[in-house]
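Engineer: One structure, as structure tokens, below. Some questions next.
There are 2 protein chains.
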Amino acid sequence: MRVAVVGLGLIGGSLLRALAAAGHEVTGFDADSATREAARAAGFRIAGSVAGAAAGSELTALAVPLPVLPEVIPQLAGADGLVTDVTSVKGPVRDLMKAHGVRRFVGGHPMAGKETSGFAASEKDLFAGCAWVLCLEPHETDFGDWLTLARLFTGMGARVVPVTAAEHDTAAAQISHVPHLFAAALAEQIVANPLAGALGAGSFRDGTRVAATRPELTAAMCGGNRDAVRTELHRLIGVLEEMSGALDSDDPVSALVPHLRLGAQARRAWPATPGRPEKVPATTQSLLDLGRSGGWVTSVGDTDVVALRPEAALRPESDRNSS
Amino acid sequence: MRVAVVGLGLIGGSLLRALAAAGHEVTGFDADSATREAARAAGFRIAGSVAGAAAGSELTALAVPLPVLPEVIPQLAGADGLVTDVTSVKGPVRDLMKAHGVRRFVGGHPMAGKETSGFAASEKDLFAGCAWVLCLEPHETDFGDWLTLARLFTGMGARVVPVTAAEHDTAAAQISHVPHLFAAALAEQIVANPLAGALGAGSFRDGTRVAATRPELTAAMCGGNRDAVRTELHRLIGVLEEMSGALDSDDPVSALVPHLRLGAQARRAWPATPGRPEKVPATTQSLLDLGRSGGWVTSVGDTDVVALRPEAALRPESDRNSS
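Structure, rendered in structure tokens:
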């Protein structure tokens, strides 16, 4: 497949390497000339512009930060290939593509990262075993295009997760964006109380690790997904208030246990052990059901896909009632 | 020094080993006969009762869980040595000792832990480099007794942190108890949304790690320190609501950054780099000032102690106003 990768940082650079390693015909571009030189020196074909990279490509992968997308998208005008992206928020990008009249778009989000960034940190195996969200909107996404991308990314070893943009954004708020806000709130405590900093051990270390992220990056992530982040943050504030209510009771220890049990069970069972590989019909509804159950696609056939999903689904109802 | 250690789990067993290694004359006791046998087999002198262990000891260290203390303390009646403990909450234990008429008590809390528990997991070096809170109450704690314990624990390589019980309990709520509640709230999200569990990566993994703790243990910790936990939890809920307010603004990204910056600076500077060793007068006020500034005692002389404290104190005022 002829693929253009625009933006050659950690994710884009790794995608360029992974696609080339899988035998695809890749062309890269980056706005930074030193990055272009580094990629050329690594042996890749590098175009002189976004339009130059996209021209003649069957797929253009936009691996630029969210705030840069509005500048880059208009430069695709005239190219008629498929377009995907890798940003961490999917609803706003979907809106952006519609606003710019990009017809063949399938949003993506590889859940891969490292402490380091830039083309120098990129590696061809970054996506092996990583979850790669691939958005599938009923009555909107071209199903053939979706399968093309699912085949491409599973071919690189990624776990392709079929979800709607809205479902992705809610899940991302829950497992990434709100946890960053929690970590920031916990970390700030030691500013006014150095004693607490001196006593902090494992639970402080782990609970605050991502608070060290550059504030501008965390703010961009959360602000870019603000509707979902607000909704999930409000819900969690309610959960914390219920815990506080339990502490007010006559027997705070017994009252608090039920508020902790489901989280403990869930965390011990995480990450889920996949069950046996199963064939899932290649239809929008079957694939969205797979994603909602915590499953993912491992390879793509003509009429069905091979999928894995968690071995034992959590049973909140029965657990809630257990002693 | 003749020391009795009551309760030979991870902490008590390690204390028995560390004191013996430092040349002290130790006697142990545990309510569980198999644990007593294991400790005897490891070469330790083991008494047949709490009173038998405490009799003739200059110090009795109670290394039993908080709920067990009310049963154990009355068994010390008649013994006139110094008493300390190792539980994770200090105000309630101080009240308990007063209620039982224990005169010579200095509360302690070694911030040491492992994933494993029990005598089999104990090791003589568990406390090397760990913070060991040693409570110092103005007009209440016998200063000579405090120095005796500080000498004992610094001799095992621990960093002795002088604080009041109330200051300890606030700090423990901030850096351990409330982080456990945050982790539980975050972990429970994936019960209703398996998709989120499938997408969870580093920030979810670390932010929820301690949610896997047995719910009864977390509830006992938080319930045992409920006044401080409620106060700190309410304050943090307020911080999260301010972040939510920032997300409501016209420019959520810019509005959120100031709410993240102090936490990011604090987390990057944690754990603090200690400055040069300094001599601190051995007075209650000087030692409490040391603890409040995030410092600790490394060795104890006759009229002063050698101490370390963070090299550069965080400066919240100037940072708050920086661009």
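If you read the sequences in order, they're chains P and G. Under this note's numbering, the first residue of the first sequence is numbered 982, with each subsequent residue one higher. Under this note's numbering, the first residue of the second sequence is numbered 982, with each subsequent residue one higher. For every residue, glycine included, the Cβ atom is placed at its ideal position computed from N, Cα and C.
Using a Cβ-Cβ distance cut-off of 9 Å, determine whether Gly990/P contacts chain G.
Structural biologist: Cβ-Cβ to chain G under 9 Å: no for Gly990/P.
Engineer: Less than 9 Å between the C-beta atoms of Leu1115/P and Val1141/P, yes or no?
Structural biologist: yes
Engineer: Return no unless some Cβ of chain G is closer than 9 Å to the Cβ of Gly1136/P.
Structural biologist: Judged by the 9 Å Cβ criterion, Gly1136/P is not in contact with chain G.
Engineer: Using CA coordinates, which residue listed in Val1281/P, Trp1113/P, Gly1204/P, Gly1062/P is at the minimum distance from Leu1047/P?
Structural biologist: Gly1204/P
Engineer: Report the neighbours of Asp1187/G on chain P: residues whose CB is nearer than 9 Å to its CB, in chain order.
Structural biologist: Pro1160, Ala1164, Arg1186, Asp1187, Gly1188, Thr1189, Arg1190, Val1191
Engineer: Please state whether DSSP places Cys1203/P in a helix, a strand or coil.
Structural biologist: helix
Engineer: Quick one, which of Pro1233/G, Val1053/G, Ala1036/G has its alpha-carbon nearest Leu1198/P's?
Structural biologist: Pro1233/G
Engineer: Would the beta-carbon of Gly1088/G fall within 9 Å of that of Asn1206/G?
Structural biologist: No, the pair does not count as a contact, with Cβ atoms beyond the cut-off.
Engineer: Buried or exposed: Thr1341/P, going by 16 or more other Cβ atoms within 10 Å of its Cβ?
Structural biologist: For chain P, the structure presents residues 982 to 1304; residue 1341/P sits outside this window and is missing.
Engineer: In angstroms, rounded to a whole number, what distance separates the CA positions of Ala1058/P and Ser1103/P?
Structural biologist: 29 Å
Engineer: In this structure, does DSSP put Ser1280/P in helix, strand or coil?
Structural biologist: The three-state reading of DSSP puts Ser1280/P in strand, counting E and B together.
Engineer: Would a C-beta distance cut-off of 9 Å place Leu1077/G and Thr1041/G closer than the cut-off?
Structural biologist: no
Engineer: Hey, how far is the Cα of Asn1302/P from the Cα of Ala1015/G?
Structural biologist: Model confidence at Asn1302/P stands at a pLDDT of 35, short of 50, so the residue's coordinates are unreliable; what they give is reported in the following sentence. Taking the straight line from one Cα to the other gives about 35 Å.
Engineer: Given this structure, state the Cα-to-Cα distance separating Leu1268/P from Val1031/P, to the nearest angstrom.
Structural biologist: 33 Å
Engineer: Could you give the residue range of the alpha helix (DSSP H) that holds Lys1071/G?
Structural biologist: Per DSSP, Lys1071/G is not a residue of any alpha helix (DSSP H), being assigned neither H nor E.
Engineer: Tell me the start and end of each unbroken beta strand (DSSP E) in the stretch 984-1070 of chain G that is at least 3 residues and wholly inside, in chain order.
Structural biologist: Every beta strand (DSSP E) of 3 residues or more that sits fully in the stretch 984-1070 of chain G is shown, in chain order, as 1006-1010, 1040-1043, 1063-1066.
Engineer: So does the stretch 1212-1226 of chain P actually touch the stretch 1249-1265 of chain P, counting three or more Cβ pairs closer than 8 Å?
Structural biologist: no
Engineer: Starting from the C-beta of Val1220/P, find all residues in its chain whose C-beta is less than 8 Å away, skip the five residues before and the five after it, and write them out in chain order.
Structural biologist: His1240
Engineer: Looking at Gly1178/G and Lys1252/P, is the spacing between their C-beta atoms short of 9 Å?
Structural biologist: At residue 1252/P the sequence reads Pro, which differs from the Lys that was named. It is a contact, given that the beta carbons lie within the stated cut-off.
Engineer: Note down, in chain order, each residue of its chain lying with its Cβ closer than 7 Å to the Cβ of His1149/P, except the 5 sequence neighbours on either side.
Structural biologist: Lys1071, His1090, Val1114, Cys1116
Engineer: Determine, for Glu1197/G, whether the minimum Cβ-Cβ distance to residues of chain P falls below 9 Å.
Structural biologist: yes
Engineer: In the structure shown, what three-state DSSP assignment does Ala1288/G receive?
Structural biologist: strand
Engineer: Taking a cut of 8 Å between CB atoms, which residues from the stretch 1168-1179 of chain G lie near chain P?
Structural biologist: Ala1168, Glu1169, Gln1170, Ile1171, Val1172, Ala1173, Asn1174, Pro1175, Leu1176, Ala1177, Gly1178, Ala1179
Engineer: How would you write the range of the beta strand (DSSP E) that Pro1160/P sits in, first residue to last?
Structural biologist: Careful: Pro1160/P lies outside any beta strand (DSSP E), inside the alpha helix (DSSP H) at 1159-1173.
Engineer: What residues in its chain sit with their C-beta under 6 Å from that of Pro1196/G, if we drop five residues either side in the sequence?
Structural biologist: none
Engineer: Could you tell me whether the Cβ of Glu1148/P comes closer than 9 Å to any Cβ of chain G?
Structural biologist: yes
Engineer: Please list, in chain order, the chain G residues whose beta carbon lies closer than 7 Å to that of Leu1217/P.
Structural biologist: Annotation: Cβ neighbours of Leu1217/P in chain G (cutoff 7 Å, chain order): Ala1166.
Engineer: Only counting the same chain, and skipping five residues up and downstream in sequence, which positions put a Cβ closer than 8 Å to that of Thr1212/P?
Structural biologist: Thr1151, Ala1154
Engineer: Spell out whether any CB of chain P is found under 9 Å from the CB atom of His1240/G.
Structural biologist: Yes, because at least one Cβ of chain P sits closer than 9 Å to the Cβ of His1240/G.
Engineer: Can you grab the Cα-Cα spacing for the pair Gly1033/P / Ser1157/G, in whole Å?
Structural biologist: 54 Å
Engineer: Contact check, Arg983/G vs Glu1039/G under 8 Å by CB: the rounded distance?
Structural biologist: 5 Å
Engineer: Can you tell me the Cα-Cα spacing of Thr1265/P and Leu1243/G, whole angstroms?
Structural biologist: 45 Å
Engineer: For Phe943/P, list the residues DSSP reports as bridge partners.
Structural biologist: In the structure as shown, chain P starts at 982 and stops at 1304, and residue 943/P therefore has no counterpart that could be examined.
Engineer: What separation, rounded to the nearest whole angstrom, lies between the Cα atoms of Trp1277/P and Ile992/P?
Structural biologist: 21 Å
Engineer: Mark Glu1298/G as exposed unless 16 or more other C-beta atoms lie within 10 angstroms of its C-beta, in which case mark it buried.
Structural biologist: Only weak support is given to the placement of Glu1298/G: the predicted model assigns it a pLDDT of 43, under 50, and the value that follows is read from those uncertain coordinates. Glu1298/G should be labelled exposed.
Engineer: Tell me, please, whether the CB atom of Ser1267/P is closer than 9 Å to any CB atom in chain G?
Structural biologist: no
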